[in-house]
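*Asks:* Numbering (my numbering), first residue to last: 184 to 243.
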């Protein structure tokens, strides 16, 4: 099973979504102070990068 560019981008998108959900969950449930907002905003940034990776599939 060879991994072409689209497969690599698909896995990268999946991993970024998982990490983004984990960061948002950390910010929502673990940290009640200002650090929670930082974790949540970084998680949203991971979603944005995953969206870009998903948009690049088939174009690179």
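The beta-carbon is built from N, C-alpha and C at its ideal position, and this holds for glycine as well.
1) So is residue 236 buried or exposed if we call it buried at 16+ other beta carbons inside 10 Å?
2) In three-state DSSP terms, what is residue 169?
3) Which same chain residues end up closer than 6 angstroms to residue 199 when comparing Cβ atoms and leaving out the 5 residues on each side of it in sequence?
4) Comparing C-alpha positions only, which one of 222, 216 and 215 sits nearest to residue 202?
5) Are the CB atoms of residue 189 and residue 241 within a distance shorter than 8 angstroms?
*Replies:* Reading off the structure:
1) Here residue 236 refers to the residue found at position 53 when the chain shown is read from its first residue. Counting other Cβ atoms within 10 Å of its Cβ, residue 236 reaches 16 or more and is therefore classed as buried.
2) The requested residue 169 is not part of the displayed model; the chain covers only 184 to 243.
3) Locating residue 199 in the chain shown gives position 16, where the first residue counts as 1. Same-chain partners within the cutoff: 229, 232 and 233.
4) Numbered from its first residue, the chain shown carries residue 202 at position 19. Per the C-alpha coordinates, the member of 222, 216 and 215 positioned closest to residue 202 is 222.
5) Stepping through the chain shown from its first residue, residue 241 is reached at position 58. Stepping through the chain shown from its first residue, residue 189 is reached at position 6. Pairing residue 241 with residue 189 gives a Cβ-Cβ distance under 8 angstroms.
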